[in-house]
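Data first, discussion second: the structure below is written as structure tokens.
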Amino acid sequence: MAARTHSVGVLVFDGMKMLDLSGPAEVFSEANRYGAHYRLSVVSVGGQAVHTSIGLRVPADGDARAGTAYDTLLVVGGDVLPESPVDPGLSAAARALANRAGRVASVCTGAFVLGAAGLLEGRRATTHWQHTTTLARRCPSTRVEPDAIFVKDGTTYTSAGVTAGIDLALALVEHDHGPDLARQVARALVVHMQRAGGQSQFSASLQGPAPQTPVLRMVQDAVQADPTADHSLDALAARVRVSPRHLTRMFRAELDTTPGRYVELIRFDLAKALLDAGHNATQAAALSGFPSYESLRRAFARHLGLSPTRYQQRFATTTPATPDREAPGFKVPEGAGEEGA
-17 MAARTHSVGV LVFDGMKMLD LSGPAEVFSE ANRYGAHYRL SVVSVGGQAV
33 HTSIGLRVPA DGDARAGTAY DTLLVVGGDV LPESPVDPGL SAAARALANR
83 AGRVASVCTG AFVLGAAGLL EGRRATTHWQ HTTTLARRCP STRVEPDAIF
133 VKDGTTYTSA GVTAGIDLAL ALVEHDHGPD LARQVARALV VHMQRAGGQS
183 QFSASLQGPA PQTPVLRMVQ DAVQADPTAD HSLDALAARV RVSPRHLTRM
233 FRAELDTTPG RYVELIRFDL AKALLDAGHN ATQAAALSGF PSYESLRRAF
283 ARHLGLSPTR YQQRFATTTP ATPDREAPGF KVPEGAGEEG A
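According to our numbering, the sequence shown is numbered sequentially starting from -17.
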């Protein structure tokens, strides 16, 4: 039986991020190859073409004020939104479209449009991590979740920065057509059903400021270049010709972590990628530099509240996994794993 046509209206404006449109559009288009029937329409206030942040011109299929009803309203983002008040015409159009839509979604800073339209009042939401504080200030009744890939609150969805729009679109496809079809789309686009790293917007190894001290940059480069090498505290200190105590002080002062914890985060990211690629947990531990499966399991419990096996299972669905509080060792003593590896 042919799938019912599902109309998606994408609200665009001058200065929009191109990937906020093209990423979800590719997901919906790919889904159509596997039996879905999404029909996308690009709308702008006034129906005029808009220019993206990279200078490309995007034509509109119609006027956002025309009164059309869509099954899904998708609002894209743009750098202009957190920097200045949202244009009243744009927020009014979003509000009118949302009132007629079956569900509403935003990509990245598109959440600012939803917020200005009053569509996030009393709801949970997210946006790009660099702008979550600004969104919370503009929308004081909204519970902003700064480290989420996407947030669903009723029929309102918000997502994090740019490529998170792909994660969001996959979740919408799964909701409409089930995990099997969504999985086919994810494989065809060579993306995961759900972003690696729990609901984190960014890799743990990329969190925090880049080091300014040459010694710390040398350490980071060495660890990232070969996570499986000997990166014990003594080995790292000898490599950059400082004492272990001094290296630890430098890490704490500038990066607010320890050398051992930093090494663990790099290896943790690599282990996730190996699990994503189909390796079992024992293989992932060995190939990412963890001294044992047990040390890998403790790292997963500490960072995600999941065992490595439960983490792998998350790729059967876009639904976020819940903390694996039944897994042995879920409660890890404070400071475990910081002595270097």
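Note that CB positions come from ideal geometry on N, CA and C, so glycine has one too.
Residue i (DSSP reduced to helix, strand or coil)
{"i": "F(-5)", "result": "coil"}
{"i": "G28", "result": "coil"}
{"i": "R105", "result": "coil"}
{"i": "F272", "result": "coil"}
{"i": "Y293", "result": "helix"}
{"i": "Y244", "result": "helix"}
{"i": "R169", "result": "helix"}
{"i": "G17", "result": "coil"}
{"i": "D2", "result": "helix"}
{"i": "S35", "result": "coil"}
{"i": "S11", "result": "helix"}
{"i": "D61", "result": "coil"}
{"i": "H213", "result": "coil"}
{"i": "D325", "result": "Because residue 325 is not part of the residues shown, which for the chain are -17 to 323, the question remains open."}
{"i": "L278", "result": "helix"}
{"i": "L288", "result": "coil"}
Beta-carbon proximity list for residue i, same chain, < 7 angstroms, skipping 5 on both sides
{"i": "L278", "result": "A253, A263, A266, A267, F272 and P290"}
{"i": "N14", "result": "Y20"}
{"i": "A75", "result": "L(-7), V27, A46 and R47"}
Distance, residue j Cα to residue i Cα
{"i": "A48", "j": "G29", "result": "9 angstroms"}
{"i": "A153", "j": "L218", "result": "42 angstroms"}
{"i": "D61", "j": "A42", "result": "20 angstroms"}
{"i": "Y139", "j": "S225", "result": "50 angstroms"}
{"i": "M0", "j": "S274", "result": "44 angstroms"}
{"i": "A46", "j": "G(-9)", "result": "9 angstroms"}
{"i": "M232", "j": "T240", "result": "9 angstroms"}
{"i": "D135", "j": "V40", "result": "30 angstroms"}
{"i": "V201", "j": "V57", "result": "42 angstroms"}
{"i": "Q295", "j": "F282", "result": "14 angstroms"}
{"i": "A83", "j": "T116", "result": "27 angstroms"}
Contacts around residue i, its chain only, beta-carbon distance under 8 angstroms, and the 5 residues preceding and following it disregarded
{"i": "A80", "result": "L55, V86, L96, A99 and L101"}
{"i": "L171", "result": "E8, V9, E12 and I148"}
{"i": "L256", "result": "Q265, A266, L269 and S270"}
Cβ-Cβ separation, residue j to residue i (assumed contact under 8 angstroms), whole Å
{"i": "T230", "j": "L215", "result": "7 angstroms"}
{"i": "S73", "j": "G44", "result": "Contact flag wrong, Cβ pair sits at about 19 angstroms."}
{"i": "A204", "j": "R221", "result": "6 angstroms"}
{"i": "F(-5)", "j": "V25", "result": "Not quite, the Cβ-Cβ distance comes to about 10 angstroms (not below 8 angstroms), so this is no contact."}
{"i": "V155", "j": "A142", "result": "That pair is no contact at about 18 angstroms."}
{"i": "S123", "j": "P209", "result": "So it is not a contact: roughly 43 angstroms between Cβ atoms."}
Neighbourhood of residue i by C-beta distance below 6 angstroms, restricted to the same chain and skipping five residues each side
{"i": "S(-11)", "result": "R21, Y52 and D53"}
{"i": "H213", "result": "V205 and V245"}
{"i": "L63", "result": "T91 and F94"}
Contiguous alpha helix (DSSP H) assignments of at least 4 residues, all confined to the region 67 to 154: 70 to 82, 92 to 98 and 114 to 120
Tell me the start and end of each unbroken alpha helix (DSSP H) in the region 223 to 267 that is at least 4 residues and wholly inside, in chain order. 226 to 237 and 241 to 258
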